[in-house]
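As you go down the protein sequences, you meet chains A and B in turn.
So the first sequence is numbered by UniProt numbering: it starts at 1 and just counts up by one.
So the second sequence is numbered by UniProt numbering: it starts at 1 and just counts up by one.
Heads up, the beta-carbon is just placed ideally off N, CA and C, and yes, glycines get one too.
Note sheet for the following structure.
There are 2 protein chains.
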Amino acid sequence: MSLDAVLARIDTDLPHALDRLLDLLRIPSISTDPAFKGDCDRAADWLVADLKTLGFDASKRETPGHPMVVAHYGTDLPGPHLLFYGHYDVQPVDPLNLWDRYPFDPQIEETPAGRVIRGRGSSDDKGQLMTFLEALRAYRAEHGRLPCRLTIFLEGEEESGSPSLIPFMQDNADELRADVALICDTGLFESKTPAIVTMLRGLLGEEITIHGPNKDLHSGMYGGLAMNPIRVLSRIIAGLHDDTGRITVPGFYDQVPELSDDMRAQWQGLAFDHARFLGDVGLSVPAGEADRTPLEMIWSRPTCEVNGIWGGYAGDGFKTVLPAMAHAKISFRLVGTQDPFAIREAFRAYVTAQLPVDCRVDFKGHGNSPAGQMSVANKAFEPARAALTEEWGIAAAYVGCGGSIPIAGYFKTYLDMDAMLIGFGKDDDQIHSPNEKYDVQSFHKGIRSWARILERLAV
Amino acid sequence: MSLDAVLARIDTDLPHALDRLLDLLRIPSISTDPAFKGDCDRAADWLVADLKTLGFDASKRETPGHPMVVAHYGTDLPGPHLLFYGHYDVQPVDPLNLWDRYPFDPQIEETPAGRVIRGRGSSDDKGQLMTFLEALRAYRAEHGRLPCRLTIFLEGEEESGSPSLIPFMQDNADELRADVALICDTGLFESKTPAIVTMLRGLLGEEITIHGPNKDLHSGMYGGLAMNPIRVLSRIIAGLHDDTGRITVPGFYDQVPELSDDMRAQWQGLAFDHARFLGDVGLSVPAGEADRTPLEMIWSRPTCEVNGIWGGYAGDGFKTVLPAMAHAKISFRLVGTQDPFAIREAFRAYVTAQLPVDCRVDFKGHGNSPAGQMSVANKAFEPARAALTEEWGIAAAYVGCGGSIPIAGYFKTYLDMDAMLIGFGKDDDQIHSPNEKYDVQSFHKGIRSWARILERLAV
Numbered sequence: 001m002s003l004d005a006v007l008a009r010i011d012t013d014l015p016h017a018l019d020r021l022l023d024l025l026r027i028p029s030i031s032t033d034p035a036f037k038g039d040c041d042r043a044a045d046w047l048v049a050d051l052k053t054l055g056f057d058a059s060k061r062e063t064p065g066h067p068m069v070v071a072h073y074g075t076d077l078p079g080p081h082l083l084f085y086g087h088y089d090v091q092p093v094d095p096l097n098l099w100d101r102y103p104f105d106p107q108i109e110e111t112p113a114g115r116v117i118r119g120r121g122s123s124d125d126k127g128q129l130m131t132f133l134e135a136l137r138a139y140r141a142e143h144g145r146l147p148c149r150l151t152i153f154l155e156g157e158e159e160s161g162s163p164s165l166i167p168f169m170q171d172n173a174d175e176l177r178a179d180v181a182l183i184c185d186t187g188l189f190e191s192k193t194p195a196i197v198t199m200l201r202g203l204l205g206e207e208i209t210i211h212g213p214n215k216d217l218h219s220g221m222y223g224g225l226a227m228n229p230i231r232v233l234s235r236i237i238a239g240l241h242d243d244t245g246r247i248t249v250p251g252f253y254d255q256v257p258e259l260s261d262d263m264r265a266q267w268q269g270l271a272f273d274h275a276r277f278l279g280d281v282g283l284s285v286p287a288g289e290a291d292r293t294p295l296e297m298i299w300s301r302p303t304c305e306v307n308g309i310w311g312g313y314a315g316d317g318f319k320t321v322l323p324a325m326a327h328a329k330i331s332f333r334l335v336g337t338q339d340p341f342a343i344r345e346a347f348r349a350y351v352t353a354q355l356p357v358d359c360r361v362d363f364k365g366h367g368n369s370p371a372g373q374m375s376v377a378n379k380a381f382e383p384a385r386a387a388l389t390e391e392w393g394i395a396a397a398y399v400g401c402g403g404s405i406p407i408a409g410y411f412k413t414y415l416d417m418d419a420m421l422i423g424f425g426k427d428d429d430q431i432h433s434p435n436e437k438y439d440v441q442s443f444h445k446g447i448r449s450w451a452r453i454l455e456r457l458a459v
Numbered sequence: 001m002s003l004d005a006v007l008a009r010i011d012t013d014l015p016h017a018l019d020r021l022l023d024l025l026r027i028p029s030i031s032t033d034p035a036f037k038g039d040c041d042r043a044a045d046w047l048v049a050d051l052k053t054l055g056f057d058a059s060k061r062e063t064p065g066h067p068m069v070v071a072h073y074g075t076d077l078p079g080p081h082l083l084f085y086g087h088y089d090v091q092p093v094d095p096l097n098l099w100d101r102y103p104f105d106p107q108i109e110e111t112p113a114g115r116v117i118r119g120r121g122s123s124d125d126k127g128q129l130m131t132f133l134e135a136l137r138a139y140r141a142e143h144g145r146l147p148c149r150l151t152i153f154l155e156g157e158e159e160s161g162s163p164s165l166i167p168f169m170q171d172n173a174d175e176l177r178a179d180v181a182l183i184c185d186t187g188l189f190e191s192k193t194p195a196i197v198t199m200l201r202g203l204l205g206e207e208i209t210i211h212g213p214n215k216d217l218h219s220g221m222y223g224g225l226a227m228n229p230i231r232v233l234s235r236i237i238a239g240l241h242d243d244t245g246r247i248t249v250p251g252f253y254d255q256v257p258e259l260s261d262d263m264r265a266q267w268q269g270l271a272f273d274h275a276r277f278l279g280d281v282g283l284s285v286p287a288g289e290a291d292r293t294p295l296e297m298i299w300s301r302p303t304c305e306v307n308g309i310w311g312g313y314a315g316d317g318f319k320t321v322l323p324a325m326a327h328a329k330i331s332f333r334l335v336g337t338q339d340p341f342a343i344r345e346a347f348r349a350y351v352t353a354q355l356p357v358d359c360r361v362d363f364k365g366h367g368n369s370p371a372g373q374m375s376v377a378n379k380a381f382e383p384a385r386a387a388l389t390e391e392w393g394i395a396a397a398y399v400g401c402g403g404s405i406p407i408a409g410y411f412k413t414y415l416d417m418d419a420m421l422i423g424f425g426k427d428d429d430q431i432h433s434p435n436e437k438y439d440v441q442s443f444h445k446g447i448r449s450w451a452r453i454l455e456r457l458a459v
């Protein structure tokens, strides 16, 4: 039977598939840092070339930022039209000294837990997007063609707020619209249960700069008399959460829905082991809202995190300076129908209201996206769940995701398409951290999973 | 009369004195940054060579850190023995982009307020220490000798906590002991009134690192569930002052004396224009303890300042990281008999007591020195005050100083000597800030002031 042949082909071709992935991982396509613009371009070129070998009409499409990669197959074919989305850009690598190897010199490593692909982007998202392309490669090798009409849509700005994404989707709506979007940028639940994400948190990024004195001052000459902007910033940040872990920005929770009894029951059924989840990163106690379960804290509740803070002297030794400025990068994870723009205004008003005399604040907006709710009614969901259950031998589940994958919501908003989020990452992949990895098992069974899903959706 | 001849010589030689200072300012002797160790050495060599031209037996004396410069003249002469102290090291220059010129390419600039010497170290302390050497140079040119027995003691670690100073003073006590120490590292009161500082604040520097997760985390995957160390650090810093500006560390004020009625009356007589003092740096409201006068806030009250804070991502763009660590450099200005070591223990206990479960803290101690109280009973003070009044045409005053000049206290503690702090800096010299300058007037009249003081003290 043809599926078995495709799966067998995937198994025997795995070493070559790994070589192709390592080749892509060697390109340092960090989208948030302008210094790596040329490398983002090279990653896009690499993917265009690979897609052409699969029979796609593929091209690199310029944007004001990093290019998109768009590829089409079988535009005149009847039957289902599937779109696949992934992103080829990666997170920055600092602090570099915490990496055990250079992040863009990837390698297959033997570990007590099995073989892993080590390197920045191995899990987020180059390794995941290649699972789909490798499934197509195996299908094509067996059948001489691809299973149905396909559109591949790869982005290079996902880790930097996707500034070009919405305009590009709007300008190319007819070209991109398909029956369903398949997105591979998520993980297995608790590193073992195959999952389809149906709930995603949104994201709002803000950068604030508190200005005090008009220049750096000597803390001996002015200390005690002049207002210190680091002290002001610290008070504002300290006040963002109350003692129960609840966020204090007025109106912040207005659009936050309660979990449905049905979903609450499903999640309880997952028996989430939060002690292990926290223990993996050296923690033991849930630090969110006191009256919420750990899964709610990361899936269905909004957050406010300080992602970066800086001001004054941070070099060797000591400098008795009373600095002119203090800065912070702060992000909010959004749920339900929280409006990123309304939250931004509420946050800015909250900060401004707390400024003492003699201080002023500058705001800089970074990415923003609403939360996403997938429609499990789409006829692709149940067959995909069955295919995943078959490959992994564990009942696949509908789950939430604490992270923000704005693209999922955009397909609905701008192209009126449902999106199905299926991924094979594990909790210990260390994405966005030093020593990122992707299990060879995730990669291998991920490819096999897509082969099974395509078999069911292509008819 | 010989003093007039010396003063005339100072006036005519001023252009050459300025050239000598610019030459010294070109050496980037930043003591806190190991990268500049060789330059600190060069500055010491430059001073040894210059002191030899003045007839001193001068030498560079190695220490575990940067070298000391020690020079002697007339060791067998009867009569008074004066010691002069200054420091040849300078503050770091960051943020470099805020300088109008390269900080170590000094120049004489014409400004609406008069001619200034622009460059790092021009005021703190190279320009000030050279006022004394230039006064000696003029005296020697007129008399063929120096006015009395002299010892010059120049340090290269004043801006980095003076780690080698106490051991050096202890090991060389007999060599360094004199009748009085003259220290030129302070300023004119309100940029116009010549002043002798009789009260100095001490300093305690602490660096703290809050550890949370054992690695940087993805704020989507863990945000809301994992404790963020930046949030913990911000709460601790925000809690260091209460709403009245009072420091909350238990026992912090135990050794803080009230100002004597006599000194309080003197300070009221100075009619300090704090509105102008704050206005010069873009501020308007005293931010210290609500019930204290502005002069108390900077001269006789202790402080707690955050000199630096950093953690997470501070680069271009945005990174949704939940960081493993957050750091701050915090310093305390001390008064009265506050014990730096007792305050350090109280601060560390205070921080540790506020750590939530799952967080730990590392402490690193930086410089520490007690507050200093000069003895105006020493017979050098009144003649010096008269000489200053004569040169400046304004009654010289005994004042306090918010900064920490540990050396003043060390002379009393380790050599049983009184110290007299006389300096000519101005409030707008921007020491420790970008675009540091020293008025040519400060330099010129400073040299003349020392000539008058030496005339009175050498007899």
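Within chain B, no residue has its beta carbon less than 7 angstroms from that of A/W392; the closest one is some 21 angstroms off.
Secondary structure of B/S331 (DSSP, three-state): strand. Two segments are said to touch when three or more pairs of C-beta atoms, one from each, lie closer than 8 angstroms; by this definition the segment 202 to 209 of chain A does not touch the segment 252 to 262 of chain B. Interface annotation for the segment 142 to 173 of chain A against chain B: E159, S160 and G161, criterion Cβ-Cβ distance under 9 angstroms. Taking the Cα of A/K329 as reference, the smallest distance to any Cα among B/D39, B/G315, B/V351 and B/M325 is reached at B/G315. Measuring C-alpha to C-alpha distances from B/H211 to each of A/A353, A/V281 and A/F332 identifies A/V281 as the nearest. Per DSSP, the continuous beta strand (DSSP E) segment holding A/V180 begins and ends at V180 to I183.
Contact between the segment 54 to 70 of chain A and the segment 156 to 164 of chain A is present: three or more C-beta pairs spanning the two stretches fall below 8 angstroms. Fewer than three Cβ pairs drawn from the segment 130 to 141 of chain A and the segment 5 to 16 of chain B lie within less than 8 angstroms of each other, which leaves the two stretches out of contact.
Annotation for B/T389: P194, A395 and A396 place their beta carbon closer than 8 angstroms to its own, counting only its chain and skipping 5 residues before and after.
The C-beta of A/L322 comes closer than 8 angstroms to at least one C-beta of chain B. In this structure, B/W299 sits near B/M199, with a CB-CB distance shorter than 8 angstroms. The alpha-carbon of A/K437 is positioned some 28 angstroms away from that of A/Y410. Using beta-carbon distances, A/N97 does not count as an interface residue toward chain B, since no partner is under 8 angstroms.
DSSP links A/E109 through a beta bridge to A/V116. Annotation for B/L154: the continuous beta strand (DSSP E) segment containing it runs R149 to E155. Using a Cβ-Cβ cut-off of 8 angstroms, B/T244 is close to nothing in chain A; its nearest Cβ partner there is about 13 angstroms away.
Interface flag for B/K319 against chain A is set, since a Cβ pair is found closer than 8 angstroms. Between B/A451 and B/V116, the C-beta spacing is not below 8 angstroms. Within its own chain, the residues whose Cβ lies closer than 6 angstroms to the Cβ of B/Q91, once the five positions on either side in sequence are excluded, are E159 and H432, listed in chain order. Segment contact: the segment 268 to 276 of chain A against the segment 292 to 311 of chain A, three or more CB-CB distances shorter than 8 angstroms; contact assigned. Under a criterion of Cβ atoms nearer than 7 angstroms, the residues of chain B adjacent to A/H218 are, in order, G403, I431 and H432. Around the Cβ of A/E258, a 10 Å sphere holds fewer than 16 other Cβ atoms; the residue is exposed. Residue B/D428 holds the alpha-carbon nearest to the alpha-carbon of B/T111 among B/D428, B/G144 and B/D185.
Spatial neighbours of B/N378 in its own chain (CB-CB distance under 8 angstroms, excluding positions within 5 residues in sequence) are listed in chain order as V180, D418 and M420. The C-alpha of A/A353 is placed about 29 angstroms away from the C-alpha of B/P95. B/G119 and A/D124 have their alpha carbons spaced roughly 49 angstroms apart. Here B/F363 is exposed, its C-beta having fewer than 16 other C-beta atoms within 10 Å. For A/D418, the pairing in a beta bridge is given by DSSP as A/V180.
A contact is defined here as three or more CB-CB pairs under 8 angstroms, and the segment 19 to 36 of chain B fails this definition with respect to the segment 42 to 53 of chain A. In this structure, B/Y414 places its C-beta atom within 8 angstroms of the C-beta atom of B/A173. Straight across, the Cα-Cα distance linking B/L355 with B/A349 is about 10 angstroms.
Scanning its chain for C-beta atoms nearer than 7 angstroms, with the 5 sequence neighbours on each side dropped, one finds around B/L22 the residues P106, in chain order. Your pair B/G127 and B/F443 checks out as a contact, with CB atoms roughly 6 angstroms apart and the cut at 8 angstroms. The contact set of B/Q91 on chain A, defined by CB atoms closer than 7 angstroms, consists of K319 in chain order.
For A/N214, the secondary structure class from DSSP, reduced to helix, strand or coil, is coil.
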